[in-house]
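Below: the structure, in structure tokens.
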Amino acid sequence: MKLKLSLKNLIKPALIALIISVGLPIIISCSRRAPAVVETDLEKKFLDSFNKTTQLNYPLHTSTRISGKTFWIYIATEKDLLTINCSPVTGGVTPDKNIKFLDINCQYDNSSFDINYAFLKYTAEEKTKERDIFRKAVGGTTLYQDFTHTAIEILQKTYYAIGDIISSTQDINFFVIYLADIKNGIKITFVIHRLDMEQFLLNMLPSDEFYNRMILKADGSKDIVNDKYGLHIEYNDISLVDFLREQIVSNVRSKINEMEKYKTEELKTLENLDEILLRGVYEVTTKYQFTDFSFVEINNIITKDKLSFSKTRLINKFTNNIPDSSPQEPNL
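Its first residue numbered 41, the sequence shown is counted upward by one per residue in the numbering used here.
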């Protein structure tokens, strides 16, 4: 598979939630995986390709697992994967934040996507207090996390190696990449659908859209410290439904973040997330041609308002050339 990758296209510029753990010095050995675990031919091919790509000037500890149709890649390093940067803020105050609290949970049960969410915005008085606290605490700078060059280099090696094996089998549906900072106990997880990876490697999917489609998480734990083989991880087979559930949440959060940055006036008038959630379900299920659902149920935890949409009504709502003539379900 011909790859067209560059460092600038590898990482989506987005904030990453991070739990910082204590840092403990360790030494990384050269073995690739935990003893007594048998590598498949596909894993061997990936590891051989990974080790033959650009050699980095720091050690990596790489191991793989295949669970069902999910290919897991665990890469451990002592190098920092995330960095905290500072950005000056005009006037020495925090940017105009509108969202006070946002929580979204999506489940799939009995052919229905059930979404519960809580959404609160700051009042004018609360925003004033937040600005005062922020100015006193950090002196008018904004702190944010970003990938280090190390993380980008490792991802590039991983993508090239995946490109060498992805056409060798049709039995893999998902790739999961774990980048672990085993000195500080920090882990970044990427869950990627096979078709998205193929299109990205062939330069058929823009990098921004590629990263919008993957599930991206960062967390910290003492279990990650000194774990060279990924022994703290449960290597399960990922189902399409579970991937879609998480991607719906990611899709909606991305839309809200964009509004917070670039459409603040629109966000100020937003009273609930019903419309954004419906569009998120429609976009995600359409991308992956998932039709095995009958309803979308939305529950606003704060207001107790409920909304029910059939699949037909959802499709009609967001397909311009099809009128929404289906019976209207009641808002419960």
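Ideal placement from N, C-alpha and C gives every residue a C-beta, glycine not left out. This structure is a prediction, so every number in the text was calculated from the model and none was measured.
task: Say whether the region 327-345 touches the region 154-161, bearing in mind that this needs 3 or more beta-carbon pairs closer than 8 Å, one atom from each stretch.
output: yes
- prompt: Could you give the distance in angstroms between the alpha-carbon of Asp236 and the alpha-carbon of Asp204?
  reply: Counting from one through the sequence shown, the residue named residue 236 turns up at place 196. Counting from one through the sequence shown, the residue named residue 204 turns up at place 164. When rounded, the distance between both Cα atoms is 16 Å.
- prompt: What first and last residue would you give for the alpha helix (DSSP H) that runs through Glu298?
  reply: Here the question's residue 298 lines up with position 258 in the sequence shown. First-last of the alpha helix (DSSP H) with Glu298: Leu280 to Tyr302.
message: Measuring alpha carbon to alpha carbon, tell me which residue in Glu298, Thr209, His272 and Gly320 is nearest Ile288.
response: Counted from its first residue, the sequence shown places residue 288 at position 248. Ranking the options by Cα distance to Ile288, first place goes to Gly320.
query: Can you pull the DSSP bridge partners for Glu337?
result: Here residue 337 corresponds to residue number 297 of the sequence shown, with the count starting at 1. Beta-bridge pairing links Glu337 to Asp154 and Ser348.
DSSP state of Ser71 mapped onto helix, strand, coil: Indexing the sequence shown from 1 puts residue 71 at position 31. Any reading at Ser71 must be qualified, since the residue scores a pLDDT of 37, below 50, and its modelled position is unreliable; the value itself is stated next. Residue state, collapsed to three classes: coil.
Enclosing beta strand (DSSP E) for Ser103 [first to last residue]: Within the sequence shown, residue 103 is the residue found at index 63, counting from 1. Looking at the DSSP string, the run of the beta strand (DSSP E) that includes Ser103 is His101 to Ser107.
message: Going by DSSP, what residue range makes up the alpha helix (DSSP H) through Leu195?
response: Locating residue 195 in the sequence shown gives position 155, where the first residue counts as 1. That run of the alpha helix (DSSP H) goes His189 to Ile205.
field: Reference Lys311, options Glu274, Gln210 and Ile139, closest by Cα
entry: Counted from its first residue, the sequence shown places residue 311 at position 271. Per the sequence presented here, residue 311 reads as Glu, with Lys not at that position. When each option's Cα is compared against that of Glu311, the closest is Ile139.
task: Tell me, to the nearest whole angstrom, how far the beta carbon of Ile228 is from that of Phe215; I am working on the premise that it is less than 8 Å.
output: Position 188 of the sequence shown holds residue 228. Position 175 of the sequence shown holds residue 215. The Cβ separation is near 14 Å, so there is no contact.
task: Run the CB neighbour count on Asp221, radius 10 Å, all protein chains shown included, and call it buried at 16 or more, exposed below.
output: Walking along the sequence shown from the start, residue 221 turns up at place 181. Per the 10 Å Cβ criterion, buried.
query: By how many angstroms is the C-alpha of Ser151 removed from the C-alpha of Asp332?
result: On the sequence shown, position 292 is the one that residue 332 refers to. On the sequence shown, position 111 is the one that residue 151 refers to. Cα to Cα, the separation comes out at about 6 Å.
Separation of Leu280 from Gln239, as counted between CA atoms: Taking the sequence shown and counting its residues from 1, one reaches residue 239 at position 199. Taking the sequence shown and counting its residues from 1, one reaches residue 280 at position 240. C-alpha separation (whole angstroms): 18 Å.
message: Tell me the DSSP secondary structure of Gly63 in three-state form.
response: The count along the sequence shown starts at 1 and reaches residue 63 at position 23. For Gly63, the predicted structure reports a pLDDT of 31, less than 50, and the residue's modelled location is therefore unreliable. A value from the coordinates is still provided. Gly63 falls in the coil class under three-state DSSP.
- request: Would you list the residues sitting across from Leu122 in a DSSP beta bridge?
  value: Counted from its first residue, the sequence shown places residue 122 at position 82. In the DSSP output, where bridge partners are listed per residue, Leu122 has Phe187.
- request: Could you check if Thr190 is buried or exposed, using at least 16 other CB atoms within 10 Å of its CB as the buried criterion?
  value: Walking along the sequence shown from the start, residue 190 turns up at place 150. Buried, because 16 or more other Cβ atoms sit within 10 Å of the Cβ of Thr190.
message: If contact is defined by three or more beta carbon pairs under 8 Å, each pair taking one atom from either stretch, is the region 195-211 in contact with the region 89-105?
response: yes
field: Cβ-based neighbour list, Phe349, same chain, cut-off 7 Å, excluding 5 preceding and 5 following
entry: Position 309 of the sequence shown holds residue 349. Contacts found: Leu318, Phe335, Val336 and Glu369.
message: Applying the 10 Å Cβ sphere with the 16-neighbour rule, what's the burial state of Glu193?
response: As a working note, residue 193 is residue 153 in the sequence shown. So Glu193 ends up on the buried side.
query: Helix or strand or just coil, what does DSSP make of Pro363?
result: Taking the sequence shown and counting its residues from 1, one reaches residue 363 at position 323. Since pLDDT at Pro363 reaches only 43, below the 50 mark, its modelled position is unreliable, and no value is offered.
message: Measuring CB atoms only, is the region 290-308 touching the region 258-266, in the sense that at least three cross pairs come out at less than 8 Å?
response: no
- prompt: For Lys357, which option in Ile115, Thr110 and Glu315 has the closest C-alpha, if you only look at C-alpha atoms?
  reply: For the purposes of this step, residue 357 is taken as residue 317 along the sequence shown, with counting starting at 1. Comparing Cα-Cα distances from Lys357 to each of Ile115, Thr110 and Glu315, the minimum goes to Glu315.
query: Can you give the Cα-Cα distance for Ala258 and Ile226, rounded to whole angstroms?
result: Residue numbering aside, residue 258 sits at position 218 when the sequence shown is read from its first letter. Residue numbering aside, residue 226 sits at position 186 when the sequence shown is read from its first letter. Spanning the two alpha carbons is a distance of roughly 7 Å.
query: So what does Thr110 bridge to, in DSSP terms?
result: Sequence index remark: in the sequence shown, residue 110 carries index 70 (1-based). Beta-bridge pairing links Thr110 to Ser107 and Phe214.
query: Does the beta-carbon distance from Ile217 to Thr198 come in below 8 Å?
result: Stepping through the sequence shown from its first residue, residue 217 is reached at position 177. Stepping through the sequence shown from its first residue, residue 198 is reached at position 158. Yes.
query: If we count the other Cβ atoms within 10 Å of its Cβ and call it buried at 16 or more, is Thr102 buried or exposed?
result: Locating residue 102 in the sequence shown gives position 62, counting from the first residue. Classification of Thr102: buried, given that the 10 Å Cβ count is 16 or more.
- prompt: Less than 8 Å separating the beta-carbons of Phe111 and Ile255?
  reply: The count along the sequence shown starts at 1 and reaches residue 111 at position 71. The count along the sequence shown starts at 1 and reaches residue 255 at position 215. No; because the gap between Cβ atoms is not below 8 Å, this pair is not in contact.
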